[in-house]
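A.B. asks: Got a structure for you, questions after.
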Amino acid sequence: MSLPLTAYLHDHLAGSNFAIELLERMRDQHAGQPIGQFAASELGLLLRDRDILLRILDRVGSEESVFKQAAAWVAEKASRFKLKNSGPEAFEIFESLELLAVGIHGRAALWRVLAVIALLDHRLQGEDYESLAEEARQQHDRVERRRLDIAPSALTSANTPAH
């Protein structure tokens, strides 16, 4: 077992769990609204990628890090409190999309790194990392478009005087 590799994979697993919970919360809180439908449509790719990551962790001989899973759970709950108390709904959605975009960027980076390391470590072979990275990039672009679309209503107010 490679400690740096398993630590790296567990970090990404914790981030994956955080992103999944974030999308599930957005889907449930905004059911029947466009942003809720968007969250539901993006959730499947994250769930599939987490399953791939779990399969890779199994191949490298690593058990789930209870500490990292607990830390991710605490971070998600803290962000939920912050987002719930951060002001208008548009701002909450904007911040959620920003967190999601950053996480998806990290997921694309994970797949690119594993493509390189798989050339040296047979346990990582058998996945199409280039396709996974491209799908993550495309998902990032979709989330980023939503984030930018909501930015004006999230960050400005009709009552704010123009300068």
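Everything in the sequence shown is counted per the numbering used here, starting at 680 for the first residue and increasing by one.
Here a beta-carbon is modelled for each residue, glycine too, at the ideal position from N, C-alpha and C.
1. Along the alpha helix (DSSP H) that carries E806, what are the first and last residues, could you check?
2. Contact between the region 796–814 and the region 698–708 is defined here as three or more beta-carbon pairs at a separation below 8 Å; is this criterion met?
3. Out of curiosity, what's the CA-to-CA distance linking N627 and T835?
4. If we ignore side chains and look at the alpha-carbon of each, how far apart do I735 and G715 end up?
5. Mind checking which residues open and close the alpha helix (DSSP H) that includes P713?
6. Roughly how many angstroms separate the alpha carbons of D807 and V739, rounded to a whole number?
7. Would you call the CB atoms of I772 and A833 closer than 8 Å?
8. Taking the alpha-carbon of H784 as reference, which of P767, I829, L725 has the nearest alpha-carbon?
9. Report, in whole angstroms, the separation of the C-beta atoms of L779 and V822, which I expect to be a contact under 8 Å.
10. Hey, R729 and L776: beta-carbon distance below 8 Å or not?
11. So for H819, helix, strand or coil by DSSP?
12. Would you call G694 buried or exposed, if buried means 16 or more other Cβ atoms sit within 10 Å of its Cβ?
13. Would you kindly work out how many angstroms separate the C-alpha atoms of A815 and L732, rounded to a whole number?
14. Go through its chain and collect everything with a Cβ distance to L722's Cβ below 6 Å, but skip five positions before and after it.
C.D. replies: In brief:
1. Note, E806: premise wrong, no alpha helix (DSSP H); not H, not E.
2. no
3. In the structure as shown, the chain starts at 680 and stops at 842, and residue 627 therefore has no counterpart that could be examined.
4. 31 Å
5. 713–738
6. 17 Å
7. yes
8. L725
9. 5 Å
10. no
11. helix
12. buried
13. 14 Å
14. L702
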